[in-house]
Structure formats: structure tokens, C-alpha cells
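Okay, so here's the structure we're looking at.
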Amino acid sequence: MSGEADLGAWGVYVHVPFCPRRCTYCDFAVVVGKRPSDELAYVDALVREWQSRILPQGEPHAVYLGGGTPSKLSAPMVERILGAICQRTGGLGTEVTLEVNPETVDQERLQAFRQAGVTRLSIGAQALQDHHLRAMHRGHRAQDIGRTVDWAKSAGFASISLDAIYGWPGQRFDEWQATIQGLIRLEPDHLSLYQLQIEPHTALYRKVRSGEMLPVESDLVADMSDWAGDELSRFGYDRYEISSYAHPGHEGRMNRLYWTMNPYVGIGMAAHSFDGTRRWWNVPHFGEYIERTALRQDPRADGEALQRLDLMREYSWLGLRTVEGFSRDRFQRRFGEDALTVFRPVWEQLQRQGLVQWDAERIRLSARGLDLANQVMAALIDAEAHKSPETDHV
Amino acid sequence: MDPEHIRNFSIIAHIDHGKSTLADRILERTGTVAERDMAPQLLDSMELERERGITIKAQAVRLTWTYEGEDYELNLIDTPGHVDFTYEVSRALAACEGALLVIDAAQGVEAQTLANLYLAMEHDLTVIPVINKIDLPNAEVERVREELIEVGIDGTEALAVSAKKGIGIDEVLAAVVSKVPPPRGPRGSPLRALIFDSRFDSYKGVLVFIRVVDGSVAVGDRIRFMSTAKEFEVSEVGVFRPGLTPIGQLQAGEVGYVAAAIKTVEDTRVGDTITQANHPASEALPGYRPAQPMVFSGLYPVDSSDYGRLREALEKLKLNDAALVFEPETSAALGFGFRAGFLGLLHLEVVQERLEREYDLTLITTAPNVVYEVMLVGGRVVHVDNPAMMPVAGDIQSILEPVVESSIITPSEYIGAVMELAQERRGEYVGLTYLDPKRAMLSYRLPLGEIMFDFFDQLKSRTHGYASFDYQPSGMSAADLVKMDILLNGEPVDALSTIVHRDRAYAKGKALAAKLKDLIPRQMFEVPIQAAIGSKVIARETVRALRKDVLAKCYGGDITRKRKLLEKQKEGKRRMKSVGSVDIPQEAFMAILRVEDA
């Protein structure tokens, strides 16, 4: 695949919190049961926030409408958001992604989203067994997924991605195989496979804790992950990131901006932003977000300023999310130092453990390191910088 | 005060039979403490004591009570309520002439009731039985009276009270005055005062709790501790009302405290005798013995840089806890730490909790063990208080282990279950007596090392909570014991070595390896767990290598959340001890305690 984006490339993330229902595993910032008038008010708020934001230079590299369920919005609302973005930047870049829940769309709506400027769909398939979809509290059924992909293709989207979850309580290995094989048959350009994480404060968590649902044994989860990777590779999908697979040229651009520590402008309730040194995030309450933007108040909830050392640490562990790792030259251009030299003792220890490898150009995870990425990242989050004159000033 | 108007008494009871509540009521009724100032269970002053409902330190309070027109001085000496502190109880009882024996009206006579009763009888105390909690719907006062008769006291005279509701408290006080004899003893003879407890006070130094048996002690006196021959000048003499109240002197028959700028409680040993330095008594009071730790355990800081803080904390605790002993120890697995000796398991737990809570230390506590007496080939005898230090099998001629005399009181339908448990724990049957048609007392000689392994929990669970248990040390006894080592990743971990009976070694080894497999999280590589006796591996398990450890989706650029998850994961790892290259959680070092024989 192509190398990392330019240092100055930036993205726009738009958070759309509306959902027809809450999935049992979800602990994201979402709202259910809102009326179309609430959606209108929210889009107004988004546009107002966007207009008040300081933007990096030029066109964004990628735009991403995530949620929640952005496909719950009407096409004119999506058009209004994208129009507002375009108005200030002069363009939308080469990738405009909309997250889609099959429950919320039909052929007409997908065509309208395409017309509005969306180029890429990320469709939450999750599983191809209706009993699992029901247990997840998803509103669609297995057969809806194929139909949605067909409509998307006929509407002319440049790239289609499918999401699936493995390690779901009660999920059998053969069911997971059937899901992957079924999704491959739909010929998407991109797949994201997520290992289920049981988050506190979710319905799923309570069911597992009460014993009503049994978590899948960790070896089986690992088998599912390994098998899916092999199968996808057989069909020409490259694993380019820990949980993402794509046909060449279809890697998700927005996600890659996160791993290369490029700036992004996040708008909407609970949206996160990063300007190159500072991160901040908006209030996570729907009403409060609308109210603050209406009163032209700052919707930020909190934030953090990253020191130089923090930035170098994050750059390192985020950069390792991608299979090809990160470029030492790009790190050098960004921080004026060599990544390998700065954290040499940590890199050497990780190399001895067989988790990372490097050459003159790049530092990357080994195959084992991809399996145990957390161990590597945990070693880097508080890595001490090798003493050098530059590390003292920010 | 004229000794004829002094009464020294204590309250003894099985745990939870209401000893502290009765003490509270007596304090209130005698006006020693106004009701509004009462913290529940005032005498249990340490936070831990109150939480656990167990008195750990003895306390003494002077009360004033008018009976038939005359004023009496009553000294109430509270006693520790746990088998670990039996010796301390015996010293507190030696300071009294009488005891209130409190029995729960619903529970009846229990193992500690009897143990306490026998202790009181050994000291020739007048025992006043008090049946408490008569307000409970399931109170059976008459049945309890019969049980008392069965164990040798006149149950018909037992007072029926409810300490909680304040019923019968005046009758209790009247009985103390009319039945407990006044103290006797020649007032003019050389001073002899019995130390029954002590407490460190940061302003006054150690406060020594005493019962003056002969003579008197006053401010300015030069006193001598007879067992250590150490001398101090008395700076304060006083009584507890319940706060410290200085008075000029204490005379024969009285109970109170002396302070003498004493820096550590080690100098003031419970059971020792105080006398005048310039006019000493020729003979100490009977019954003194130095504190004898029964249970040993290794204490190691998880973070090795906390070693200095751990030492300071132990030294501070030692100021107020003469029974705690410790010395530096080095473990190949755990680094620098201490081997500490305790009176029993409760004492160990209390010390461990105080170290973690009051001194903010994160500790690895190795599984407690008893002290073995090992006769070597060639006749030399060594004492082994750390399983890792057990000599090699070829050098050992025989091993002795400490045993206890235990009594277990149980409803008769569980006799079989209790006997089964005692046999599993290598108990030697001594006898069986019935307290009443429905309840029996079993006596067993048991190895102390066996009752440390969740014996009490097992006893409770096999008798649905009805059995009670008490024991006292009863010397040493030979047994066919072997050292079992645990190897992780091929390396022996000295802190996991234990001493087990040869007949049970296989079962224990298997169960321990399985338990460790559950407790040790998967690592980046496979970790074999082996239990071995000498070079012979008797059990093997494997913690398989960690296969996947990844975080899913980075949601909407929320890097902060991702980083926090990684930090949390790292923090969990920090709380583990890295031995060789294996990360071992704290609980694993105590795993042997939770192992049931297969």
C-alpha cells in the first residue's frame, strides 16, 4: 500500500449519535428515540460548531460520518453537513465515509447519500446468524445485509466496507466461518473484524455477569481471528491494520490518519479532535451539546495538551497499529529525532521478546506482535526517552 | 480505697455472644460514659477491631457503683476475643477475682465459652453466668441453663439479660458486687504488679496496664521489670475512666496503668511482674511466659523499593505489639523482605491489613506455616520457620510439628461430618461428650499446620455454620513430613514451597498446581507449573501462552480512552510480582491455603 499521508493532511469526523435502538454491546455516545425535529436541531448544531472551528489549511484528506447511526439521517441532512464542510474548505477530499446500519436504508436512500457526496459506506453487518443479531439487539437480519450491499454497489459507491464481530457469547466457530464466507461472497472492498469487548455499563455486561450469557473461551476467540485472517488473505484481502482488511487501494483513509497522528477536526456531541499537540472532546450529552452550540458556547468537555515526549510515545504505539508500521523518516521529520534512538531500550526489549522488528526505513510489529499488540503498546505508553538534548524542551 | 470495696472482673464469651455490648451497657449504667458519647462497642477502640467485631487488645476501665448505700470501685478488664490471644486472656483473668461468662440465649454454650470458662476456673475466679440476648425470638433460656449445668456451673443462678435492650444490667452489677470477692493480699509487702497488657502512647511512652497484687506504686518510684531486669522511673500513675485519669498511686488490689517513659512495648511483656527497684520482691508472680509466635509468614513488598518503608512500618507496629516478631529474609523469588512470626492467623491478618491500610504498602504475603523441629542425622536439632529452609531429605532424621488440643462443639447430627474433617486433617480422636441430647463436644489432637488450611471455614460449611471451635497448643509431635517445591518455567520458586504430609503430597501437589494454573494469568510464553518433592515431579500443569491481546476499534479518534485502557492493563501488571520472567499475582502465594485435597 502507499505510504503515510503528508504530515499536514487532516480529517473531519462528524458524530451522529442517533440510533433506532441500543445494541447490547454498545457503550458509545448514542441517543435513541429521537424525533426528526431533534435530528434537524442536531444538524443545525453541527453546522454551527463547524463554522466556529479553527481549521487546518486546505481541503480535508478524508471525511467520516460515524455514530451512532449516521444512515438514520435523511439525505438532505447529510448533504447539508457535507455542504457546510465544503463551503469552508473548498472540497471533501477523496474519501467521504458514512456508517450504515442495514436497518435504516433502502435503495433510494443509498442513492441519495451517494448524490449528496458520500463515496464510501461502512456497513455494520456484525453476523450472519439471525439469533446472534437478535441477541445483539440489531434491527436487521442476515438477508438484509446482502441486499444492502447490492444497493450500495448499484448506487456507485467507490468503496464498500463490512464490519463483523467475533467472540460473541454463544458464537460457534462454524458460525463465524459462515459469517466470513458469506461476507466474502458479497465482495466488499474492505472488512473490519472486531473482537468483542464486553464494556461495563452495557446490557451485555450485565448478562455475562449474571451468567445468562457465557463469554467465548479465549483460545476459541484466537482461533476465530486466525482463521478469518487466513481466509481473507486467500481471497486477496490484505491485512493492513490490526483489525482491518482491504483489497489494494481500499484501505480506510480516515482511520489511517489516527494512526499517523495527523490532525482531525471532530464535530458533534462527544466528538474528539486533535490539532497536532492537543486533544479535546465535546460534552457527551445530547441536550447540552445542542444548548451550548445554540448559545454559541464552547461545547468542549475537557482536553489534554501532549508534551513532546507524550507525542513521541503516542506516535510510536499508534503507528504500530498498521501492519507496515511507521516510517522512521516521517518520525524524524516530525520530531527531529530517530524513533529507534529515542526509545532504544524499549525497542530492544520488545525485539528480544520477538514482538517488533525494524529496518532502515520502518519499525513494525512482528506477526506475534500483531497478536499481542497491547503488550507492545503498554510498554511504549510510558517509555522513557533516551537522553538527548532535544527531549528537554517542548 | 479500702480493698473491701474493690471488685476486679472481666467479661468472657464466645465470639458474637454480646460481650462488647454488655460492656457498653455497664459503662453507660455506671455513668462512666454518657449515652450520647457512646460509640458502639467503645472498648474496641481500633478500627480493625470494630470492623471484625473482635477485641484484640485488652482494656481496663474503672467504674463507680453504689450498692446498698455503699460506693464500690469496679475494674472491668476486657479480654481479647480470639484463640490467637489465649495467653493474653489468661493474664487478664489473672488480674481479676471474678468473670461474667456471657452466653447467647439462642446459641447456647460454644467452644470458646468452654475454653474461657476453663481458663477462669484455672485462675480460681468466681464465674457469674449471664445469659444474653433474651429478647431474641429464638432465645431458649432454659435450654442454656441446662447446658451450663452440664458443663459444671450452676445454670439456675444465671442472670437473664438483654444487653442490647438494657434489660437486667443492674442485676449484673449487683452480682459483681455481691458475688465477686474483694482482692486480698498484704498491703505492706514489696510491690508486685501483674502486667496484663500495654499500649504505646506517643506522648507518654508505653502505658503499662497492671493489677497491683502486693504493695503499691506511685509517681517517682523506680520500678523494675522482673523478667528483663530493666528499670524505669514512674512518671504517671492512673486509671481509665475510660479516658486516662492520673491519680497519685495504685495500691494492692487496684487496676490501672503506669507510664515511665518506656519506648517500646517489648520491655513490658504481658505476664511479667513489676516491682520496686530499691525494695524488690524476691519472687515474680506465677504464670509468665514470653510471647511465642506460632505462625510464620514471609512479608515482601511488591515494589522492592518499598523495603525500607516496610521495615519502618513493622517497627512502628512492633512498638505496640510485643507478640509480633520479624527478621530480614531474602527470597530468590521475591527479593528482600521479612519473615514475621505471629500468635496465630488472625494476628497475621490484622498485621497484614494494617500494613496495607495504614502504611499504604502493597505486599506479597507467603502462605503461613508453623515452626518445625527438625532432628538432623547426627543429632543436631534445628528449628525451621520457613519451608524453603527445610534441610534436604537425606540430612533429616525426623521432623516434629506443633499440635493443638482442640474442642469442637456441634449439633449431634453433624458429628460424622466433623469427625471426617478432623480425620482428613490428621486429627487424633480424644473424646466425645454430650452437652445435651442435641449437642456434643468432640476433642481432637490436631497438627497446628493443618488447621491453618481453611479448617475453620470447612468446619462451618460442613455443619451449616453451627459448629464452634477452640484450641490450645499442646507441644510437638513427630510426623512423616516432606517439603514440596513449586517450579515455574523450570525454576523453583522458594516462596511457594510448603511442608506437607507424605501421604497427602500427591493430592496436595496436584491441587496446588491446578490452583496456580487458575491464578497465574497467561504470559507471552507457555509457563509449566510443576510440584516436586526433591527432584521428583509429582504434578504438572501448564499455563498456555497468551495468544491474543489486542484492543479493537479506535472509536472516532478517541485515543485518550485507548491509552487509559493500556495504562490500566499496565497497572494490573505492576501489582504482580515478576519472578524470573513470570508475572505472579499476589493471591498465588496464598494459593496453598485455598487448596482442597482432591
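So the protein lines, in turn, are chains A and B.
Letter by letter, the first sequence follows residues 707 to 1100 of my numbering.
Letter by letter, the second sequence follows residues 2 to 599 of my numbering.
Where is the CB? At the ideal position from N, CA and C, for every residue including glycine.
| Reference GLU918/A; option with closest CA among GLN901/A, LEU889/A, LEU902/A, ALA841/A | Taking the first residue of the first sequence as 1, we reach residue 918/A at position 212. Closest in C-alpha terms to GLU918/A, from the list GLN901/A, LEU889/A, LEU902/A, ALA841/A, comes ALA841/A.
| request: For chain A, find out if any of its Cβ atoms is closer than 8 Å to the Cβ of THR114/B; answer yes or no. | output: Along the second sequence, one-based indexing puts residue 114/B at 113. Taking CB atoms only, THR114/B has no neighbour in chain A less than 8 Å away.
| message | Here's the rule I'm using: 16 or more other beta-carbon atoms within 10 Å means buried, otherwise exposed. How should ARG1002/A be labelled? | response | As a working mapping, residue 1002/A is identified with position 296 in the first sequence. ARG1002/A is exposed by the Cβ-count criterion.
| field | Chain-ordered neighbours of THR561/B on chain A, where CB pairs are closer than 8 Å | value | Your numbering for residue 561/B matches position 560 in the second sequence. Correct list: HIS978, ARG985, TRP987, GLU1010.
| said: Runs of 3 residues minimum, wholly inside the segment 254-312 of chain B: which ones carry the beta strand (DSSP E) assignment? | reply: 256-260, 274-277, 296-302
| query | Is the CB of GLN424/B under 8 Å away from at least one CB in chain A? | reply | Within the second sequence, residue 424/B is the residue found at index 423, counting from 1. False, the Cβ-Cβ gap to chain A never drops below 8 Å.
| query | By the criterion of Cβ-Cβ separation under 7 Å, what are the contact partners of PHE558/B in chain A? | reply | Taking the second sequence and counting its residues from 1, one reaches residue 558/B at position 557. In the sequence as presented, Phe is not what sits at residue 558/B; that position holds Gly. TYR719, TYR964, TYR970, GLY972, HIS978, PHE980, listed in chain order.
| Entirely enclosed alpha helix (DSSP H) segments - the segment 952-1006 of chain A, minimum 4 residues | Listed in chain order, the complete alpha helix (DSSP H) runs (minimum 4 residues) inside the segment 952-1006 of chain A are 959-965, 992-1000.
| message | Let me see if you follow: with CB-CB separation under 8 Å, is SER1022/A close to chain B or not? | response | Taking the first residue of the first sequence as position 1, residue 1022/A is located at position 316. Closer than 8 Å: no.
| request: Measure from the C-beta of VAL583/B to each C-beta in chain A and report whether the shortest distance is under 8 Å. | output: The count along the second sequence starts at 1 and reaches residue 583/B at position 582. With 8 Å as the cut-off, VAL583/B does not count as an interface residue toward chain A.
| For ARG815/A versus ALA781/A, is the C-beta spacing smaller than 8 Å? | By one-based count along the first sequence, residue 815/A stands at place 109. By one-based count along the first sequence, residue 781/A stands at place 75. Contact flag set, yes.
| query | So the beta strand (DSSP E) TYR430/B belongs to, where does it begin and stop? | reply | Locating residue 430/B in the second sequence gives position 429, where the first residue counts as 1. Under the DSSP assignment, TYR430/B falls in the beta strand (DSSP E) whose first and last residues are 429-437.
| request: Would you please verify whether the beta carbon of VAL927/A is less than 8 Å from any beta carbon of chain B? | output: On the first sequence, position 221 is the one that residue 927/A refers to. VAL927/A counts as touching chain B.
| Using a Cβ cut-off of 7 Å, which residues of the segment 831-847 of chain A contact any Cβ in chain B, in chain order? | none
| field | Minimum Cβ-Cβ distance from GLU421/B to chain A less than 8 Å | value | The count along the second sequence starts at 1 and reaches residue 421/B at position 420. With 8 Å as the cut-off, GLU421/B does not count as an interface residue toward chain A.
| request: Leaving out five residues on either side along the sequence, give the residues of the same chain with a beta carbon under 8 Å from the beta carbon of ALA1079/A. | output: The residue given as residue 1079/A occupies position 373 in the first sequence. Excluding residues within five positions, the ones whose Cβ falls inside 8 Å are ILE948, LEU1026, ARG1027, LEU1071.
| message | Quick check: TYR258/B and PHE226/B, are their CB atoms within less than 8 Å of each other? | response | Working through the second sequence from its first residue, we reach residue 258/B at position 257. Working through the second sequence from its first residue, we reach residue 226/B at position 225. No.
| request: Mind checking who GLN252/B pairs with in its DSSP beta bridge? | output: Against the second sequence, residue 252/B aligns to sequence position 251. Bridge partners of GLN252/B: SER217/B.
| task | Run down chain A in chain order and give the residues with a C-beta less than 9 Å from the C-beta of MET577/B. | result | Within the second sequence, residue 577/B is the residue found at index 576, counting from 1. Those within 9 Å of MET577/B in chain A number zero; the least Cβ separation is about 13 Å.
| message | Between VAL173/B, ASP25/B, ILE12/B, PRO191/B, which has its C-alpha nearest ALA121/B's C-alpha? | response | Taking the second sequence and counting its residues from 1, the one referred to as residue 121/B is at position 120. Nearest option by C-alpha distance: ILE12/B.
| If you draw a straight line from the C-alpha of ARG310/B to the C-alpha of ARG340/B, how long is it? | Here residue 310/B refers to the residue found at position 309 when the second sequence is read from its first residue. Here residue 340/B refers to the residue found at position 339 when the second sequence is read from its first residue. Roughly 15 Å separates the two Cα atoms.
| C-beta atoms of MET975/A and PRO776/A nearer than 8 Å | Mapped onto the first sequence, residue 975/A falls at position 269. Mapped onto the first sequence, residue 776/A falls at position 70. For MET975/A and PRO776/A, no; Cβs fall outside 8 Å.
| query | What do you reckon, are the CB atoms on VAL382/B and LEU346/B nearer than 8 Å? | reply | Position 381 of the second sequence, counted from the start, is the residue given in the question as residue 382/B. Position 345 of the second sequence, counted from the start, is the residue given in the question as residue 346/B. Result no, Cβ atoms of VAL382/B and LEU346/B do not sit closer than 8 Å.
| query | How would you label VAL214/B, buried or exposed, when you count the other beta carbons within 10 angstroms and need 16 or more for buried? | reply | Indexing the second sequence from 1 puts residue 214/B at position 213. Buried.
| Chain-ordered neighbours of GLU601/B on chain A, where CB pairs are closer than 9 Å | The first residue shown for chain B is 2 and the last is 599, placing residue 601/B beyond what the model contains.
| field | Residue-chain proximity (GLY1025/A, chain B), Cβ-Cβ < 8 Å | value | What you label residue 1025/A is simply residue 319 of the first sequence in a count that begins at 1. Chain B, which has no Cβ nearer than 8 Å to the Cβ of GLY1025/A, makes this no.
| Close beta carbons around GLY221/B, own chain, < 8 Å, minus the five adjacent residues each side | Numbered from its first residue, the second sequence carries residue 221/B at position 220. Hits under 8 Å: GLU234, VAL235.
| query | In chain A, which residues lie less than 8 Å from VAL551/B when you measure between Cβ atoms? | reply | The residue you call residue 551/B lines up with position 550 of the second sequence. Neighbours of VAL551/B on chain A, chain order: GLN901, ILE948, SER949, LEU1076, ASP1077, LEU1078, ALA1079, ASN1080.
| From ILE57/B to GLU143/B, what does the alpha carbon distance come to, in whole angstroms? | As a first step, residue 57/B must be located in the second sequence, where it is residue number 56. As a first step, residue 143/B must be located in the second sequence, where it is residue number 142. Residue placement at ILE57/B is flagged as unreliable, the pLDDT there being 48, under the threshold of 50; a coordinate-derived value is accordingly withheld.
| field | Nearest candidate by alpha-carbon position, reference PRO183/B, set GLU151/B, TYR73/B, TYR435/B | value | Counting from 1 along the second sequence, the entry for residue 183/B is found at position 182. When each option's Cα is compared against that of PRO183/B, the closest is TYR73/B.
| query | Thinking C-alpha only, which one of TYR943/A, THR800/A, GLY1060/A, ALA1045/A is nearest ALA1089/A? | reply | One-based indexing of the first sequence puts residue 1089/A at position 383. Per the Cα distances, ALA1045/A.
| query | Does GLY714/A come within less than 8 Å of chain B when only Cβ atoms are used? | reply | Indexing the first sequence from 1 puts residue 714/A at position 8. False, the Cβ-Cβ gap to chain B never drops below 8 Å.
| query | Does LEU520/B have its Cβ less than 8 Å from a Cβ in chain A? | reply | Within the second sequence, numbered from 1, the residue matching residue 520/B stands at position 519. Chain A, which has no Cβ nearer than 8 Å to the Cβ of LEU520/B, makes this no.
| alpha helix (DSSP H) segment containing PRO1051/A, residue limits | Your numbering for residue 1051/A matches position 345 in the first sequence. Looking at the DSSP string, the run of the alpha helix (DSSP H) that includes PRO1051/A is 1050-1058.
| At a Cβ threshold of 8 Å, is LEU547/B touching chain A? | As a working mapping, residue 547/B is identified with position 546 in the second sequence. Yes - at least one Cβ of chain A is within 8 Å of the one on LEU547/B.
| request: Use the C-beta contact count for ALA93/B: other C-beta atoms within 10 angstroms, 16 or more gives buried, fewer gives exposed. | output: One-based indexing of the second sequence puts residue 93/B at position 92. ALA93/B is buried by the Cβ-count criterion.
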